[in-house]
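Enquirer: Can you keep this structure in mind? I'll have questions shortly.
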Amino acid sequence: MIEVYDNFLPTEVFTPIKDYIFGGRMPWYYSPTSVLEGDGCPQFSHACYIDSEPISDVYNIIKPVFASLNPFALHRIKFNATPRSKEIKEKPLHVDVSGPQDDKGNFTNIPNYHICVLYFNDNNGYTYFEDGQKIESKENRAVIFSGDLLHAGTSCTDTDLRVVLNIDYCKWN
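Residue numbering for the sequence shown follows our numbering, starting at 15 and increasing by one per position.
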């Protein structure tokens, strides 16, 4: 199930985070790929939280987001900033994290594992899913879905950057 929430965060929570991201203080790290080696989809990113541990001071800036999300446990939190391209480029479909492999080599699902993608600016990029569903990038929109759904983002053509916050977490039962 894919859930979409417009105006996900209260203005007093969303605006300071957005101002920090776009205000020139956000430390961005360039990667020539976004999902797979050689995928031709460059992006800038900033990881805040990995393997159940904060790894950046930016984590403190985004803590108020959790009041709207109410996670049981966090796994990974990462900002992605994808530069404008001449044509919209779809990144490769993927899952962010998979569980252990079963005896046949298939990855198992992690119980209650979900992903929240929070959009920080309006643009003509989108998140798409294996079934063809597309969620447009709209400022302060969140899309929440099961972590086992194949999904991917895109570039955009109408703004300099497409900026999202990806939160990989476990929901309460």
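No residue lacks a Cβ here, since even glycine has one placed at the ideal position from N, Cα and C.
To the nearest angstrom, how far is the alpha carbon of Lys152 from that of Thr141?
Expert: Answer to the nearest angstrom: the Cα atoms are 11 Å apart.
Enquirer: Select from Ser82, Lys92 and Tyr183 the residue whose C-alpha is nearest the C-alpha of Tyr127.
Expert: Looking at the Cα atoms, Tyr183 is the closest of the given residues.
Enquirer: Look at the Cβ atom of Glu144, then the Cβ atom of Leu163, and state whether they are nearer than 8 Å.
Expert: It is a contact, given that the beta carbons lie within the stated cut-off.
Enquirer: Give the single residue among Tyr44, Ala156, Val157 and Gln57 whose Cα lies nearest to the Cα of Arg98.
Expert: Looking at the Cα atoms, Gln57 is the closest of the given residues.
Enquirer: Could you work out which residue in Gln147, Ser45 and Ile64 is closest to Ile181 when comparing CA atoms only?
Expert: Nearest C-alpha to Ile181: Ile64.
Enquirer: What span of residues does the beta strand (DSSP E) with Phe93 cover, start to end?
Expert: Run containing Phe93: Ala87 to Pro97, per the beta strand (DSSP E) assignment.
Enquirer: Indicate the three-state DSSP secondary structure (helix, strand or coil) for Pro78 in the structure shown.
Expert: Correct three-state label for Pro78: helix.
Enquirer: In whole angstroms, what separates the C-alpha of Thr47 from that of Gly54?
Expert: In a straight line, the C-alpha of Thr47 is about 6 Å away from that of Gly54.
Enquirer: Please return the same chain residues whose Cβ sits closer than 7 Å to the Cβ of Thr173, not counting the five positions on each side in sequence.
Expert: Contacts found: Arg98, Asn135 and Asn137.
Enquirer: Could you pull the DSSP bridge partners for Lys148 from this structure?
Expert: Its beta-bridge partners are Tyr142.
Enquirer: Taking the beta strand (DSSP E) that Phe22 falls in, what are its first and last residues?
Expert: Per DSSP, Phe22 belongs to no beta strand (DSSP E) and is neither H nor E.
Enquirer: In the DSSP output, which residue or residues are listed as bridge partners for Tyr63?
Expert: Answer by DSSP bridge pairing, in chain order: Pro68 and Ile91.
Enquirer: So what's Ile102 in DSSP terms, helix, strand or just coil?
Expert: Ile102 falls in the coil class under three-state DSSP.
Enquirer: Can you find the residues in the same chain that come closer than 8 Å, C-beta to C-beta, to Val27, ignoring five residues on each side of it along the sequence?
Expert: So the qualifying residues of the chain are Pro78, Val79, Ala81 and Ser82.
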